[in-house]
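Here's the structure we're looking at; comments come further down.
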Amino acid sequence: MSLESVILSKVKESPFDTRELSEKLKLDYNKLIQAIKSLEYKKVLECKIKVLNEIVLTESGKKCLTAGTPESRMFESIPENGIKKSELMKIFGREGQPTFGQCMKCGWIRSEKIETKEQEQEKEQPKQKGKKKKKQRPDLMLFRKVEEINDLVLEDLKIIHDRMSEKLTKKTLDILKRRKLITTIQTKSFVVSQGPEYEKYTTTQKIEYQTCLKKGMLQKNNWKSHTFKKYNFKSLGVPTKGGSLQPILKVRSEMRKAFLEMGFEEMKTNRYVESSFWNFDALFQPQQHPARDAHDTFFMKNPKKAKQIPEELMEKVKTTHETGGYGSIGWRYKWSEDESRKNLLRTHTTAVSSKTLREISKEPFRPRRFFSIDRVFRNETLDATHLAEFHQVEGFIIDKNLSLGDLIGVISEFFGKLGMEKFKFKAAYNPYTEPSMEIFAFHNGLNKWIEIGNSGIFRPEMLQPLFSGTRFNDYKEDVNLSVIAWGLSVERPTMIQYQIQDIRNLVGHTVDLQMVKKGPICRLGFPRKVIKEKKKEEEIKKEKN
Numbered sequence: 004m005s006l007e008s009v010i011l012s013k014v015k016e017s018p019f020d021t022r023e024l025s026e027k028l029k030l031d032y033n034k035l036i037q038a039i040k041s042l043e044y045k046k047v048l049e050c051k052i053k054v055l056n057e058i059v060l061t062e063s064g065k066k067c068l069t070a071g072t073p074e075s076r077m078f079e080s081i082p083e084n085g086i087k088k089s090e091l092m093k094i095f096g097r098e099g100q101p102t103f104g105q106c107m108k109c110g111w112i113r114s115e116k117i118e119t120k121e122q123e124q125e126k127e128q129p130k131q132k133g134k135k136k137k138k139q140r141p142d143l144m145l146f147r148k149v150e151e152i153n154d155l156v157l158e159d160l161k162i163i164h165d166r167m168s169e170k171l172t173k174k175t176l177d178i179l180k181r182r183k184l185i186t187t188i189q190t191k192s193f194v195v196s197q198g199p200e201y202e203k204y205t206t207t208q209k210i211e212y213q214t215c216l217k218k219g220m221l222q223k224n225n226w227k228s229h230t231f232k233k234y235n236f237k238s239l240g241v242p243t244k245g246g247s248l249q250p251i252l253k254v255r256s257e258m259r260k261a262f263l264e265m266g267f268e269e270m271k272t273n274r275y276v277e278s279s280f281w282n283f284d285a286l287f288q289p290q291q292h293p294a295r296d297a298h299d300t301f302f303m304k305n306p307k308k309a310k311q312i313p314e315e316l317m318e319k320v321k322t323t324h325e326t327g328g329y330g331s332i333g334w335r336y337k338w339s340e341d342e343s344r345k346n347l348l349r350t351h352t353t354a355v356s357s358k359t360l361r362e363i364s365k366e367p368f369r370p371r372r373f374f375s376i377d378r379v380f381r382n383e384t385l386d387a388t389h390l391a392e393f394h395q396v397e398g399f400i401i402d403k404n405l406s407l408g409d410l411i412g413v414i415s416e417f418f419g420k421l422g423m424e425k426f427k428f429k430a431a432y433n434p435y436t437e438p439s440m441e442i443f444a445f446h447n448g449l450n451k452w453i454e455i456g457n458s459g460i461f462r463p464e465m466l467q468p469l470f471s472g473t474r475f476n477d478y479k480e481d482v483n484l485s486v487i488a489w490g491l492s493v494e495r496p497t498m499i500q501y502q503i504q505d506i507r508n509l510v511g512h513t514v515d516l517q518m519v520k521k522g523p524i525c526r527l528g529f530p531r532k533v534i535k536e537k538k539k540e541e542e543i544k545k546e547k548n
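What follows is the structure, encoded as structure tokens:
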């Protein structure tokens, strides 16, 4: 018999309780309710809610059913020749003393005092004036008082387990509640009876309702022969859960806020596909550089080549690569235009910086600050700290006579706004910056320094061709035009902030969605005063310890 047939046959006999029917026939309660609600919607059945306060056993009560009550177990632990109370208390631990009192109350055991030799000697010695010594309590020897016990508590628990608690008195139930052997829970069920459409539904042929119009019905043109279920527009749908921001987006928002507070302008980063010219050549990176190999870069198959590249700028870049200029001898190789036009997924947002510098060169000169935060791609092996697709933060300042001291000062201010206290610099090499520095931050979770970014001053070989032949006012070759720049990933500072040790648990198929939903709001920036106060508190605690 189908579940619907069972329900209709039972309600024909008499109204029934859903919980009782589910237990009696061993039916899935949720499926039973779904079937009843479906029939209720068709007015075949009527349901009324029934609320019951049911007395059930706690975990301690269930344990008593299998292992016995504590007092019965204590009675059985006493041998025929008796046992010291102190030894028995060690066996039962915290529940020893109340259990002992329960056994004495039931009259199952008796006790005898045991005096030690020291206590006997104290009695024989005459009383001395002065301070009174604390009397040691004599230990007790426990013996069985009866041969067999009648455990009434266990019998009461069995009655409750069989759901016949109405047989017990209120006093008995209160005692069991105080001992935390039973508890009261509220259960809801439905009393089901026949509805106004019951007779009609059971006597006529069952109609198969269609929930929606299907493609096959339209193709065969038989949709008119089907009976469609009416939509209940008053019913409430499943409540939707609110969206959650990924930790990377939270950190990205804080970084963007830090840049804007420092007076930076945001660059356009809406192109993932770039030409090798803007990604490498314009940055004075030679065409035989290992980074331009297919093992490190994702090259495009379609479109394979870029068409729109400024001819004058391309000629300047070609000359700089082959023979040098601006105090440089170049890379000394034959530059290939075909290699320069290859399209790729950008490997860094510095390609955006080079295009931005070219655009602002057409305007009157003034000091400018720019930043970008967007996705870049590199053909790397995935591990705990590397991804093939990640976010890069890029920032640069253009002005006259900028130095390495300016770069360190700006980076220190920027990272200070992000709340990073422990960071350091290391000399490095980049084809388009000189001098160059790697930026490291301390990861408390990994307990080591990890690289989070790179920085430097753009080389004249990279910078000056971008401004040659333009209407850049006040620009002359003898003017020391400088650009300081730095870049870092968003993922690694996020790992530091959220104490994530493996980057694959932050992005990818192994990410924990609960971590995304329950992740705290990111607050990278801290006032310098607060940081100093925290340091002082830590120093005071160390001195006290």
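Residue 4 is where the sequence shown starts when you use my numbering, and the numbers rise one by one after that.
The beta carbon of each residue, even a glycine, is placed where N, CA and C say it ideally should be.
Run through the region 142-201 for me and flag every whole beta strand (DSSP E) of 3 or more residues, listed as ranges in chain order. 142-147 and 185-197
Using the C-alpha atoms, what's the distance from residue 396 back to residue 270? Here residue 270 refers to the residue found at position 267 of the sequence shown. Here residue 396 refers to the residue found at position 393 of the sequence shown. Whole-angstrom Cα-Cα distance: 11 Å.
With a Cβ-Cβ cutoff of 8 Å, do residue 72 and residue 157 count as a contact? Taking the first residue of the sequence shown as position 1, residue 72 is located at position 69. Taking the first residue of the sequence shown as position 1, residue 157 is located at position 154. Between residue 72 and residue 157, the gap from beta carbon to beta carbon is short of 8 Å.
Just checking my contact of residue 282 with residue 349 at CB under 8 Å: how many whole Å lie between their CB atoms? Within the sequence shown, the letter at position 279 stands for residue 282. Within the sequence shown, the letter at position 346 stands for residue 349. Contact flag correct, Cβ pair sits at about 6 Å.
Could you tell me the distance, in whole angstroms, from the CA atom of residue 503 to the CA atom of residue 249? Indexing the sequence shown from 1 puts residue 503 at position 500. Indexing the sequence shown from 1 puts residue 249 at position 246. Those two C-alpha atoms are separated by around 13 Å.
Does the structure place the region 190-200 close enough to the region 45-64 that three or more beta carbon pairs sit under 8 Å? yes
Whose C-alpha, out of 105, 107, 112 and 246, is nearest the C-alpha of residue 554? The structure shown does not extend to residue 554, since the chain spans only 4 to 548, so no value can be given for it.
Among 77, 272 and 253, which one has its Cα closest to the Cα of residue 152? Taking the first residue of the sequence shown as position 1, residue 152 is located at position 149. If we check each option's Cα against that of residue 152, 77 comes out closest.
In terms of alpha-carbon separation, which member of 164, 508, 175 and 279 lies closest to residue 67? Position 64 of the sequence shown, counted from the first residue, corresponds to residue 67. The alpha carbon of residue 67 has as its nearest neighbour, out of 164, 508, 175 and 279, the alpha carbon of 164.
For residue 267, does the three-state DSSP call read helix, strand or coil? Here residue 267 refers to the residue found at position 264 when the sequence shown is read from its first residue. Reduced to three states, the DSSP call for residue 267 is coil.
How is residue 453 classed by DSSP in three states: helix, strand or coil? In the sequence shown, the residue the question calls residue 453 occupies position 450. Residue state, collapsed to three classes: strand.
According to the neighbour-count rule (16 or more other Cβ atoms, all chains shown, within 10 Å of its Cβ), is residue 581 buried or exposed? The structure shown has nothing for residue 581, since the chain only spans 4 to 548.
Quick check: the Cα distance between residue 440 and residue 411, rounded to an integer number of angstroms? In the sequence shown, the residue the question calls residue 440 occupies position 437. In the sequence shown, the residue the question calls residue 411 occupies position 408. Distance between the alpha carbons of residue 440 and residue 411: 9 Å.
Just reading off the alpha helix (DSSP H) that residue 325 is part of, what are its end residues? Residue mapping note: residue 325 aligns to position 322 of the sequence shown, counting from 1. Note, residue 325: alpha helix (DSSP H), 314-325.
Which one of 143, 185 and 173 has the shortest CA to CA distance from residue 161? Translated into positions along the sequence shown, residue 161 becomes position 158. Checking every option, the nearest Cα to that of residue 161 belongs to 185.
With 16 other CB atoms within 10 Å as the buried threshold, where does residue 299 fall? Taking the sequence shown and counting its residues from 1, the one referred to as residue 299 is at position 296. The residue is exposed, with fewer than 16 neighbouring Cβ atoms inside 10 Å.
Could you give the uninterrupted runs of the alpha helix (DSSP H) lying entirely in the region 77-110, keeping only those of 4 residues or more? 88-95 and 99-109
In or out: residue 34 buried (at least 16 other Cβ within 10 Å) or exposed? On the sequence shown, residue 34 is found 31 positions in, with the first residue counted as 1. The residue is exposed, with fewer than 16 neighbouring Cβ atoms inside 10 Å.
Own chain residues within Cβ distance below 8 Å of residue 433, not counting five before or after: Along the sequence shown, one-based indexing puts residue 433 at 430. If we look at residue 433 and ignore the five residues flanking it on each side, its Cβ neighbours are 439, 457 and 459.
Are the beta-carbon atoms belonging to residue 41 and residue 32 less than 8 Å from one another? For the purposes of this step, residue 41 is taken as the residue at position 38 of the sequence shown. For the purposes of this step, residue 32 is taken as the residue at position 29 of the sequence shown. In this structure, residue 32 does not lie closer than 8 Å to residue 41 by Cβ.
Between 400, 387 and 327, which lies nearest to residue 353 when the distance is taken from Cα to Cα? Residue 353 sits at position 350 when you count from the first residue of the sequence shown. Taking only the C-alpha atoms, the option nearest residue 353 is 400.
Flag this pair as touching only if the region 376-395 and the region 489-499 have three or more C-beta atom pairs under 8 Å; answer yes or no. yes
What residues match up with residue 396 in a beta bridge as DSSP calls it? Within the sequence shown, residue 396 is the residue found at index 393, counting from 1. DSSP, once it has assigned bridges, lists 376 and 491 as partnering residue 396.
Leaving aside the five residues before and after residue 199 along the sequence, list all residues of the same chain whose C-beta is less than 6 Å from its C-beta, in chain order. In the sequence shown, residue 199 corresponds to position 196, counting from 1. Taken in chain order, the residues that qualify are 46.
For the beta strand (DSSP E) that contains residue 47, what are its first and last residues? Here residue 47 is taken as the residue at index 44 of the sequence shown, counted from 1. Neither: residue 47 is in no beta strand (DSSP E) and is coded neither H nor E.
Through-space distance from residue 262 to residue 252, alpha-carbon basis: Along the sequence shown, read from residue 1 onward, the residue named residue 252 stands at position 249. Along the sequence shown, read from residue 1 onward, the residue named residue 262 stands at position 259. Looking at the two C-alpha atoms, the distance is approximately 15 Å.
Is the separation between the beta-carbon of residue 355 and that of residue 331 shorter than 8 Å? For the purposes of this step, residue 355 is taken as residue 352 along the sequence shown, with counting starting at 1. For the purposes of this step, residue 331 is taken as residue 328 along the sequence shown, with counting starting at 1. No, these two residues do not count as a Cβ contact at 8 Å.
Across which residues does DSSP place residue 115 in a beta bridge pair? One-based indexing of the sequence shown puts residue 115 at position 112. In the DSSP output, where bridge partners are listed per residue, residue 115 has 144.
Terminal residues of the beta strand (DSSP E) in which residue 431 lies: Stepping through the sequence shown from its first residue, residue 431 is reached at position 428. 426-433 is the span of the beta strand (DSSP E), which, as asked, contains residue 431.
State yes or no: is the C-beta of residue 347 within less than 8 Å of the C-beta of residue 469? Position 344 of the sequence shown, counted from the start, is the residue given in the question as residue 347. Position 466 of the sequence shown, counted from the start, is the residue given in the question as residue 469. Going by C-beta atoms, residue 347 is not nearer than 8 Å to residue 469.
I'd like the span of the beta strand (DSSP E) that includes residue 551, first residue to last. The structure shown does not extend to residue 551, since the chain is modelled only from 4 through 548, so no value can be given for it.
For residue 92 versus residue 100, is the C-beta spacing smaller than 8 Å? Locating residue 92 in the sequence shown gives position 89, where the first residue counts as 1. Locating residue 100 in the sequence shown gives position 97, where the first residue counts as 1. In this structure, residue 100 lies closer than 8 Å to residue 92 by Cβ.
Return the chain-ordered ranges of every alpha helix (DSSP H) run that is complete within the region 279-305 and spans a minimum of 4 residues. 279-282
Which of the three DSSP states is assigned to residue 382 in this structure? Counting from 1 along the sequence shown, the entry for residue 382 is found at position 379. Residue state, collapsed to three classes: coil.
Cα-Cα separation between residue 510 and residue 519, rounded to whole angstroms: Sequence index remark: in the sequence shown, residue 510 carries index 507 (1-based). Sequence index remark: in the sequence shown, residue 519 carries index 516 (1-based). Whole-angstrom Cα-Cα distance: 10 Å.
Contact defined as beta carbons within less than 8 Å: I believe residue 420 pairs with residue 268. What is the distance between those atoms, to the nearest angstrom? If you number the sequence shown from 1, residue 420 lands on position 417. If you number the sequence shown from 1, residue 268 lands on position 265. Between residue 268 and residue 420 the Cβ distance is about 17 Å, and since that is not below 8 Å, they are no contact.
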